[in-house]
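Residue numbers (this note's numbering): 35 to 1773. Beta carbons: idealized from backbone N, C-alpha and C, even for Gly. From a predicted model like this one, the values you see are computed outputs, not experimental measurements. Here's the structure we're looking at; comments come further down.
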Amino acid sequence: MGSQTLQILRQGVWAALSGGWYYDPHQGTFVNALHLYLWLFLLGLPFTLYMALPSSMIVVAVYCPVIAAIFIVLKMVNYRLHRALDEGEVIEKSANELDGGTKPEKDSCSTRRKDSNAPSDPGGGIEMSEFIREATPPVGCSSRNSYAGLDPSNQIGSGSPQLGTEAAVKALDSEEMVTFRRERSTFRRQAVRRRHNAGNNSTPPTLLIGSPLSLQDGQQGQQSTAQVKVQSRPPSQAAVLSASASLLVRNGSVHLEASHDNASAVGGSSLHHELGKFSSTLYETGGCDMSLVNFEPAARRASNICDTDSHVSSSTSVRFYPHDVLSLPQIRLNRLLTIDPDLLEQQDIDLSPDLQEHMQPQEEAAQKVEHYYRFWILPQLWISINFDRLTLLALFDRNREILENVLAVILAILVAFLGSVLLIQGFFRDIWVFQFCLVIASCQYSLLKSVQPDSSSPRHGHNRIIAYSRPVYFCLCCGLIWLLDYGSRNLPTTRFKLYGMAFTNPLLLMSARDLVIVFTLCFPIVFFVGLLPQVNTFVMYLCEQLDIHVFGGNATTSLLAALYSFICSIVAVALLYGLCYGALRDSWDGQHIPVLFSVFCGLLVAISYHLSRQSSDPSVLFSLVQSKIFPNTEEKNPEDPLSEVKDPLPDKLRNSVSERLQSDLIVCIVIGVLYFAIHVSTVFTVLQPALKYVLYTLVGSVGFLTHYMLPQVRKQLPWHCFSHPLLKTKEYYQFEVRNAAHIMWFEKLHVWLIFVEKNVIYPLIVLNELSSSAKAIASPKKLDTELGALMITIAGLKLLRSSFSSPTCQYVTVIFTVLFFKFDYEALSETMLLDLFFMSIFFNKLWELLYKLRFVYTYIAPWQITWGSAFHAFAQPFAVPHSAMLFVQATISAFFSTPLNPFLGSAIFITSYVRPVKFWERDYNTKRVDHSNTRLASQLDRNPGSDDNNLNSIFYEHLTRSLQHSLCGDLLLGRWGNYSTGDCFILASDYLNALVHLIEIGNGLVTFQLRGLEFRGTYCQQREVEAITEGVDEDDGFCCCEPGHLPHMLSFNAAFSQRWLAWEVLVTKYVLEGYSITDNSAASMLQVFDLRKILTTYYVKGIIYYVTTSSKLEEWLANETMQEGLRLCADRNYVDVDPTFNPNIDEDYDHRLAGISRESFCVIYLNWIEYCCSRRAKPLDADKDSSLVTLCYGLCVLGRRALGTAAHHMSSNLESFLYGLHALFKGDFRISSIRDEWIFADMELLRKVVVPGIRMSLKLHQDHFTSPDEYDDPTVLYEAIMSHEQNLVIAHEGDPAWRSAVLSNSPSLLALRHVMDDGTNEYKIIMLNKRYLSFRVIKVNKECVRGLWAGQQQELVFLRNRNPERGSIQNAKQALRNMINSSCDQPIGYPIYVSPLTTSYADSHEQLKDILGGPISLGNIRNFVVSTWHRLRKGCGAGCNSGGNIEDSDAGGGTSCTSNNATNANEPHSNVLQGGNGNSGQGPGTGLYPPVTSHLPTLGTSHSSHSVQSSLVRHSPARASVASQSSYCYSSRHSSLRMSTTGFVPCRRSSTSQISLRNLPSSIQSRLSMVNQMEPTNQTGLASMQHGLPSSSSSSQSIPACKHTLVGFLGTEGGQNIAADAQSGSNLSPANNAQAKKGDVIYRIQIVDPSQILEGINMSKRKELQWPDEGIRLKAGRNSWKDWTPQEGMEGHVIHRWVPCSRDPGSRSHIDKTILLVQIDDKYVAVIETGVLELGAEV
C-alpha cells in the first residue's frame, strides 16, 4: 500500500503539477538527470530572458528559435533512434573482443528489422521495470517492435512435432543455428483475465531472453561466443527443437539458419538438454504451458493487433507455477512472453533465495555479450550505439509518424511564441511571471515526456493523445486573453445590448480576460484535478454543446458525427440567413409582412423538420450512397469463416435511411408550402393578440396532459402514492406474456397528442413569434439588421428542431417564459422569440442541476448510508463542511455539463472533466469468442470462450437487435414514460439485466447503447436486483408502527422510501421479443447405460438418415476410393472388434464375436435403412448386401469409433463419455484407425453426415423422455428428424452459425455446452425458444449514472486502485451503485456485453405504423390513390343499384362485389371447396362450411370496437376482373343469422341494416332454401326466409344480415349440390395445388386477423391434419418462413380446405372451425377461416 501511494504521488500528483517530470527510482542516473536538467532549462530560459532583456520582441526573437532548435534536434534524434532500433543493423560483440579492444563487425549476424508499429497501437509500450537491469534487452522484447506475419500456407497440427508456424530450414553440413523473432504487443492483452492451458506443448528453452537474433547459451557461465550453435540431431530431436521454437511465435515465423562453428558443441548440447530433458520434466510437472499459434484471417488479425481494450481476445498467455519447478530465466522468459504489467512489476527480490543464487552466474554470462546498433549520420558515416529501446522510451515518448513530430515541434514553438508575447505585454507581474514560466515549461515538457496516466485519461496504459492537451489548451487560453484584451480596447461600448447588458462593455471583456489569466496560471492544479479532457474529447464536447444549445441539434456518437452535425447546422443557418436578411431589408408595417419572410418561415420549418429526422452519424448515409453509386465494391475474403454469414442489420439500417430520405423529400415540400401559405395569409397579424394566448393555452394543456398526466397514471407507482398503475395495459395481470403488446387507447391518444403537439402547435408558436418579433429584433435599438437576421435564424432553427426532436419539456419552458416575461417582468423582455431561445438553454441547465442535486441528496441521505469501506466511514464526517460548497459545485457542473462524482464512492463529491452525452470516449464493444476468431488448436485442445459470460452474451446481442426494431416506437407510444437525451434505463428480467443508455433522440429515431450484466452476478448485484424487483405494496409501516394503508395506496413508509431513490420502476410488463433459456444437466440425462445406449442408437440412425437423404449419395457409392476402403466391410462375416465398442452402449453389439458385425448391424438397422431409402425421390437398392448398407455400416462404425476415441476409450465412464460427446458435437473428429481413413476421400461425409447425426441424436434423445416409444415407428422418427431440420437449429455455441441463427430469429435452438468457470466442469444441454419476454423497466437518474461512471474511471485509471472488492462497487440500493459500476467499459467494469451504438427508427415499429401510417413515398401515395378510387367506385356502384344497401359499402363495412345481372348456370366449380357432407342422417346441407367472422379495421376506432360484418359474395364473369382487384364484399354492421353445425339459425332481426334478396345470386338463394328445409325444428324462425327465397324478383322480401361472413355460399350456382362441390375439391392432387385445372376457379382471400394464423400446425407431432402434400406441409409454418411473417392485408389464393366433421379424412378439421391452406407467393399459410376475407375468383 505504501509503495503504491508513493508511486501515485510521484507519477500522478507531482508529474501532473510539473507537466510530466518526476524522479523515477527504477531508472538510471542518466535518465533522471537528463529529465531534471531539461525541465529546469525549459523553466529557466523564458524567465531568464524576461528578467535579463527588455520587454520587447527581442525576447520573442531569441526564445522561439532556441525552443525550435531544441525540439527539432530532440524529436529528430528520438525518431531516428527508434528507426535505428526498428530497421538498423545489430552488431553483437563478445566480451573477449571488448576486452581486447578489437571491434570487428559481424555482418553475418546483422538483420534488417521491419517496422512493426501500426498507427493503431494505442500507446508506446508499458512499464517493464523488470528488464531494466538486463544487460541489453532484445529489440524484439519491446511491445512496440515485435511483429511477424503469418504465412497463409501454414498448417496447424495437434499432437505432432510440427506445432506452429512453418520453419524455413537451411541445412548446411551438420550444424543449425536458430534465430527467432517474436510477435508484437498482443501477448499482453488477456494475461490478467484468462489463463489458457495449452495441452501437450513442449517447453521453450530457458535462455532465450538474451539476444534478439540468436539463442544465448549462458548456462553455468559456459558461453564464450555471441552465437549459439546446435549440433546436428536426428529428425525427432530436430522436430522437438522446431516445436519448441514455434511456441515462441504467434502469427510469426521461425528462421533456422546454418553456420560452421564447432566451438560451441558444449553450448549446443546443453541447449539440447534444455530442449529435451528439462522440457519433458517440466511438462510432467505441469509447468509452463503455452498456447499455439493464432490462425485467423489476416484482415481480422490486423484489426485486433492493438485492441488492448477488447472484452475478449485470442491472445496467448502463459500459466505460471511455483518457483520450485521453474528457474529464474524461465520465469523471466514467461514474463517476457506474457508482457503482463502485473507480472513485470514484480522484482527479483520477491523470488526465493535459491533462485536468487541461481540467477547470478547466468546474469554474468548474459552480460558478456553487448549489442550495438548502427546509427547512420551521413550516407557513408555511422556510429555504434550501445542502447536499447526501453531506455529510449524511458527518456522520451515516441512519436511514430513524422506528422506527430512536426505537430509537436509546431506546438512547442507556438507555446513559446504566445507565452513570450503575453510576458512582454505585461499581463503578469511579480511572482506570477515565474508561475507563468512554470506553466510554459510544463506544456513544453509534456510534448517530450507526458504524464502517464493523466487524471483525465480515459484508458489504461500509454495515451498518445494526452501529450498534446496542455500545449493546445495553453494556446487557446493565450489567444483568448489576447482577443479579449484587444476587444476591451477597440470595440464600441454599447453597440449591442441584451437584457440590459452590453456584451461589448470593456469592463466585461476585461473581467473575462482576467478570469482566463487566472485559469491559465492554475494549469498545474487544473490538470492535476482533471478538469480538462483530452483534445479530441473537448472538440466533440464543444461541437455537441453548440449544436444542441445553439442550433437545436441532437447528441452525437463520435467526433466525426459531431463535426458533421455541426457543419450541417452551419450550412442550414447560412442558407436561411440570406432569405431572412433580404426580408428584413424590405418595408414592414403593422398589417403587412413581406412575402420573402413567409418564404423564409416555410423553408425554416421544412429544413428544421429534415434536420431533426437525420441521425448525427453519417456512416449509414455514406454507406447508402456508396451502395447506390458503387454497388459491387464490397470485397469478400473466401477464407474468412464469416464470409457466408451476412449480418442483416446494415441492410436494414440502409433501407430505413433510404425510406426516411424519400419521405422527407415529399413531406418537406408539403409542410414548406403549407406553412408558407399559413404565414402569408396574415393570420399571424390579423388575429393578434388573441391568437398567441390561444396557442399558449393550447400548448400548456396538451403538454401537461401528454407529458405529465398520462406518464404519471401509467407508472407503476403513480405520484409514489398509488400501489398500481391507474391505466393498465392488457398484459399487466398476465403471468406469462404470449403475444406482442396490445395497443391500448391511451397509447394511441399519446401518439396523436405528441404528433399534433410537435408538428402543429410548436411550429405555429414559433412562426407567430417570428412574425411579431422579427422587426423589433432587427431594429437599430436592438441588434441591427445584420446581427438581428442571424439571431432570428438561429433562434427559429433551434426552437423548431428541439420541438421536433424532443418535445417532452418544451411546454414548461414556454409557459414559464410567457408568465415571467408577460406578467412578472415584462420590462426585461427582449421579444418573446429571444426569450424562448435563451430560456430553453437556461431550463436545460436547470433540469441538469435538479438531477444532480437529487443524486447527491439521495446518495448521502443519513438514514440510508451504505459504507462500502473504512474510508467511507472516515470521509462521512468530513463531507459535512464540504456540503456547504456542494451547491455551488453542482451549479458549475450543471453549467458545463460535467459529471459530479463521489470520490472513491464516498460522500465527498468532486467535479470531473467535461464529457459528451455518449460519455465513454472509446468506441468499445464486446467481441464474442467463437470459432471465427480463435486458433484452431485452442478449439481442439481447449474450449475457448466456454465461460458462461461469453456464451450468454449472445442473448444481450439479440436483445439489442430486438430493441433496434421496436425501441423508438415504444418510446413514442409512451411505454417507457418520459425520456430525454442521456437518460438511462435498466431492463430487468428473470436472468437478463441490461442498462440501456439513450444517447441521440431525434424525430422518429433513437440511438442507444445496451450494456448487459452477468447472469449470475455478485452478491451485491443480487441485492440490488432484489431491490428493483420487490414489491412495495405490502408495506404497512407508518413510522414505527404498522397501521396499514388505504386500498390501492402505498403506506407512509413505502411512499417516503420511494421518494429517496435515484431510480423508479416505470413498467413491470414491458414486452419484448427474446429467447427463453432452458438448461438440463447432460450428466443426469446420460447417467445410466440404457440412456447412453438410446443416444448411440439415435446417433447411428441419424447418420443413416443424413447419408440416405444426401444429394451426393450416388457419387459416394460410385467413389472407387471409398469402395476400396470399405471392401472388408462388404463381407457378410465382417466384424469390427475395436475395444471402443461396448455392449452396454451399442445396441447392435455381437456378444458372440465381441464386436459389431455387419450381420448384427443389419438386424437392428436394416429396416431403418430401407425406410429411409424408400423416402428418396429416386430409391436405391437397400438389400442386405447392397453397397448402400456397406456405406452405412462403415459410417456408423466410424462415427462410434470417433466417439470412443474422443472419450479416451473410456465410454463406460460418464465424464469421459460426455467429453467425447462434446468433442464430436463441436466437430472435433479424430480419425485414429487406419480402417477409417477411407473417409478422407470426401470430407463432406464428416461435415454433412456424421456431425449432423451426433447433433440430431441429442435432440431425439431429449424427445425420448416425453414419448419413449414414439420413435420406434420409422415413419414417426423420419418425420421428427425432418421437422427438427426445418424448425430447429442444432449447433455448437462457438460456431458462427449459432450466432447467425440467434440474430436471424430462429424459432428454436439446441446446443451442448461445456461450462468451465469458477472451478466448475459440467455439461449442459441448452434449449432456446423464441418467445415474448416480460421486462421491468427502471429509469435511473442519468446524473447518478454519469457520476458513478466518472468516479470509477478516475479511481481505476488515475489512482490505480486494483482492489476487486473496493468500497466504490459495493451495493447501495438507493443508487444501484454496483449495477451501474458493473456496466462500465472493461476493464473498469465487467459487463458481459456492450453493444455498438445502435439506431432505432420509428418506421420499423408495426404498431406505430398502424396508428400514424408508414413512411410517405411515391409508391405508397400511388397505392393509396388506387385503393381510394376502387373504394369510391364500389361505393357508388352499390348505391346506384336498385334496392341496394348503401350501408354495405361504407368505410365500416365492405364494398359490394355483386351484380344484378343474370348468372350463368354453368359457372365452373370452385377448387376451394374441400368439404364433404356432414354427419350421417343429416341433409345435404350439413356439409356447408362454418361461418367466418371478419374483423375489418375501421379508421379511428380500436380493434375491439370494430363492427361485425357479413358478406354474401357472388362472382360472375362480368365482375371477375373487378373482384380480383378488390377486397370488398357485401357486409353489414349487424347480425340476424347464426351458423351452427347443422345449418343457419335465424337471429334477432336488425332494424337498421338489411340485404335485399333480389341482389342475391340464385345459387345462394337456393342454398338458403335448402338450409330451411334441413332445419324443421325452427319453423317460426325460418318462415320469413322461406317465403322470400323462391323468387329473386321479389323486392319486398329481405333477410337480416348475417353476423358471420358467408364464405360457405361460394360455389356453383346451378342445381349441383354440395356433395358435388366437395367431391370436386377432395379429388385435388398435390400437382394441382399450385395451379388449378382448366375451367376451375381459384378464389383469393385477404388476411384480416393475423392472430388466426396457425404457425406451428405443420410441426405438430399429433398429426391432427392430413396434408395434401408432404412438401407443402414442411413449408406451411414458421420453421420454413424464417424472417418472413404473414401480415394483415396480405393476399393469396386458397389451395386446400379442412372442414369440421368432414367424412373425408383429408378434408377434416381437428377443431370446430374451417381451416384454409393459403398460398402467398412461394409461402404456404394455414389460417382459420374467421381470419380471412374473400376477395373473389382469379381468372
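May I have the straight-line CA-CA distance separating residue i from residue j, to the nearest angstrom?
i: Phe557; j: Gly1008; result: 47 Å
i: Pro487; j: Tyr507; result: 18 Å
i: Pro1720; j: Thr1143; result: 30 Å
i: Pro684; j: Arg1045; result: 21 Å
i: Leu1786; j: Leu1362; result: The question about residue 1786 has no answer, for the chain in this structure spans 35 to 1773.
i: Ser839; j: Asn1114; result: 48 Å
i: Asp1172; j: Leu1187; result: 11 Å
i: Leu695; j: Gly1038; result: 13 Å
i: Ala536; j: Phe530; result: 6 Å
i: Ser1342; j: Asn986; result: 16 Å
By Cβ distance, which residues of its chain are closer than 8 Å to residue i, with the 5 residues on each side in sequence left out?
i: Leu732; result: Ile795
i: Glu430; result: Rather than Glu, the amino acid found at residue 430 in this sequence is Phe. Only Leu108, Asn112, Leu482, Lys483 meet the Cβ criterion.
Excluding the 5 residues flanking residue i on each side, which residues of the same chain have their C-beta closer than 7 Å to its C-beta?
i: Leu1160; result: Thr1224, Leu1225, Gly1228, Trp1272
i: Leu638; result: Leu610, Gly830, Leu831, Leu834
i: Val15; result: The question about residue 15 has no answer, for the chain in this structure spans 35 to 1773.
Please list, in chain order, all residues of the same chain as residue i whose beta carbon is under 6 Å from its beta carbon, the five residues on each side excluded.
i: Leu1129; result: Ser1291, His1295
i: Leu565; result: Tyr947
i: Asn1498; result: Since pLDDT at Asn1498 reaches only 38, below the 50 mark, its modelled position is unreliable, and the value read off the structure follows with that caveat. Nothing meets the Cβ criterion.
i: Asp382; result: The predicted model places Asp382 with a pLDDT of 38, which falls under 50 and marks its position as unreliable; any figure quoted below should be read in that light. Around Asp382: no qualifying Cβ.
Taking residue i and residue j to be in contact with their CB atoms under 8 Å, please state how far apart those CB atoms are, rounded to whole angstroms.
i: Tyr709; j: Leu613; result: Going by Cβ atoms, the distance from Tyr709 to Leu613 rounds to 14 Å, so no, they are not a contact pair.
i: Asp982; j: Gly1328; result: No, Asp982 and Gly1328 are not in contact; Cβ-Cβ is about 14 Å, not under 8 Å.
i: Asp1182; j: Tyr1199; result: 7 Å
i: Met873; j: Thr851; result: 5 Å
i: Gln1680; j: Gly1723; result: 7 Å
With DSSP collapsed to three states, give me the class of residue i.
i: Ala478; result: According to the sequence provided, residue 478 is Gln. The question's Ala does not apply to it. It is helical.
i: Ser1338; result: coil
i: Lys1373; result: strand
i: Pro1734; result: strand
i: Val963; result: coil
i: Tyr1227; result: helix
i: Gln750; result: coil
i: Met535; result: strand
i: Gln32; result: Nothing about residue 32 can be reported from this structure: the residues present for the chain run from 35 to 1773 only.
i: Gly1770; result: strand
i: Phe409; result: strand
i: Glu1048; result: coil
i: His626; result: strand
Review point. Could you give the uninterrupted runs of the alpha helix (DSSP H) lying entirely in the segment 782 to 851, keeping only those of 4 residues or more?
Key: 796 to 811, 818 to 839
Exercise for review: Please go through the segment 1051 to 1125 and give each complete beta strand (DSSP E) segment of 3 or more residues, from N-terminal end onward.
Suggested key: 1097 to 1115
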